[in-house]
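What follows is a short report on a single structure.
In my numbering, the protein residues as written are 2 to 223.
Right, here's the structure in full:
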């Protein structure tokens, strides 16, 4: 999933980002309520992790604005305050769940997955390409009945291609999406991972489906 984490405490924001990226998600972090609201308006996120105590604009007000504007992505509230009033108010405003600090990363990841399932429906967690199936919820990839073991980066790269079969992605686009790095013309990181991914797919019986478009980039054959 692509997740927006709105958290002003640097250490907690890094904890959330690194933990969710380890689960294979793509994470943007905003430091203020205003910045988080702006990004949520301008970009498409699968879920939002939203602290209540934020500078410039508090989390409850951000949530109120999101719902008033018809932005219905799942929201998990995070707060250091354990008062019942905050939690109740957040749920009334349209939050899907909440966590009280301190929390375990495993619990946050599980709650994000649960609210995503409730909001989008389990069937939308599947991507299909012929006999190749990718499950966003379980992070399993299968060719026919054969399970293909992929690393988190390989999984994210394959999911990126499966969004739009036939579309050509440049190396900078792939690098930014999968690693969140700006392109370094001296790196062959994308090419190395493409080679690994191709080999793993073909080892389980899949045909060579990731094509090289010379001078441009790569695509999943239409």
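Every residue, glycine too, gets a C-beta built ideally from N, C-alpha and C. These numbers come from a predicted model, not from an experiment.
query                                                                                                                : result
Where residue 1 falls: helix, strand or coil (DSSP)                                                                  : The question about residue 1 has no answer, for the chain in this structure spans 2 to 223.
Whole-Å CB distance - residue 25 paired with residue 156, under 8 Å assumed                                          : 6 Å
Within 8 Å, strictly: CB atoms of residue 228 and residue 50                                                         : Given a span of 2 to 223 for the chain in the structure shown, any question on residue 228 remains unanswerable.
Reference residue 32, options 149, 102, 190, 57, closest by Cα                                                       : 57
Residue 111 versus residue 104: straight-line alpha-carbon distance, rounded                                         : 12 Å
Presumed contact (8 Å Cβ cut-off) between residue 80 and residue 86, rounded CB distance                             : Wrong, their Cβ atoms sit about 11 Å apart, outside the cutoff.
Own chain partners of residue 102 with C-beta closer than 8 Å, once the 5 adjacent residues on each side are dropped : 13, 79, 80, 81
Beta-carbon spacing of residue 218, residue 171 below 8 Å                                                            : yes
Between the CA atoms of residue 68 and residue 189 - distance to the nearest angstrom                                : 43 Å
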